[in-house]
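**Q**
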Amino acid sequence: IKAQRRTLPDFPPKTVLSGQLCVSLAISVSVRDFYTFVHRVSRNNSEQSLTDM
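Its first residue numbered -12, the sequence shown is counted upward by one per residue in this note's numbering.
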């Protein structure tokens, strides 16, 4: 059990922090892309409805 405990915290905290940073960056970028896509689709729909009128 002691040997297993020693092998577990071999992760340097810097790599863990950088991994979390990369994950948060990817999430924020994907959210931004999703919002821009939704905005574009809604704008296209409104333009189509205006031309239909």
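Virtual Cβ for every residue (Gly too), placed ideally from N, Cα, C.
(1) Can you tell me which of the three DSSP states residue -1 falls into?
(2) Look at the alpha carbon of residue 0 and the alpha carbon of residue 15, and state the distance between them as a whole number of angstroms.
(3) Could you give the distance in angstroms between the alpha-carbon of residue 25 and the alpha-carbon of residue 12?
**A** Based on what the coordinates show:
(1) coil
(2) 22 Å
(3) 20 Å
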